[in-house]
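All remarks here apply to the structure that follows.
Residue numbers (UniProt numbering): 1 to 182.
This is the structure we're talking about:
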């Protein structure tokens with residue numbers, strides 16, 4: 001999407017971001033019906049599909065702008081040296097795009113890890129609850145278990161912190177690199 005010209009390229013890029021104009025709650029009933037009919041209701045696979053579909057437009061937009069910052073001269077030089085398109089992609093483009101790829105991976109993980117709405121509606125059985133749903137069970141109408149709720153909140157952020165801190169520099173470089181436009 002970043003390098004090749006094809007009909008409808010700009011329309012596709014704009015429509016990916018246009019999706020975010022609508023609140024995701026509008027998708028809830030149609031997705032519920034679709035999942036009910038297809039057997040994906042109350043499955044983790046259904047949630048994986050939803051989380052992927054929700055983060056894909058932003059991730060695609062960010063990676064597209066990131067790939068545009070990679071000098072095309074590097075790819076042209078590799079082509080002159082006889083490298084195939086796959087070799088160029090795997091040995092030149094992907095390593096240079098590593099900060100953007102890491103950024104997209106961390107962003108997608110954090111969005112999926114903290115998501116509540118789709119998990120609470122699409123997962124019906126208690127055995128398939130996500131951590132955010134489990135944490136929500138510590139609140140009730142009359143009383144909130146503050147101690148376990150705060151302890152659970154701290155435990156929930158541990159994987160995010162463990163994932164984020166070792167790659168924080170790459171994450172920040174990825175967001176800055178993806179925000180630049182050439």
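Note that CB positions come from ideal geometry on N, CA and C, so glycine has one too.
In this text, all values refer to a predicted model and were calculated from it rather than measured experimentally.
Beta bridge pairing from DSSP links residue 139 with 144. A distance below 9 angstroms separates the beta carbons of residue 156 and residue 131. Annotation: residue 75 to residue 88 spans about 6 angstroms, alpha carbon to alpha carbon.
For the pair residue 96 and residue 70, the CB atoms are nearer than the 9 angstroms cut-off. Counting along the chain, the unbroken alpha helix (DSSP H) around residue 99 starts and ends at 98-114. DSSP places residue 8 outside both helix and strand once states are collapsed to three, so it counts as coil. Here the alpha carbon of residue 167 sits roughly 13 angstroms from the alpha carbon of residue 159.
Taking a C-beta distance under 9 angstroms as the contact criterion, residue 27 and residue 35 do not qualify as a contact pair.
As for any alpha helix (DSSP H) of minimum length 4 sitting wholly inside the stretch 30-110, the runs are 44-68, 72-80 and 85-88, ordered along the chain. The straight-line gap separating the alpha-carbon atoms of residue 142 and residue 148 is approximately 16 angstroms.
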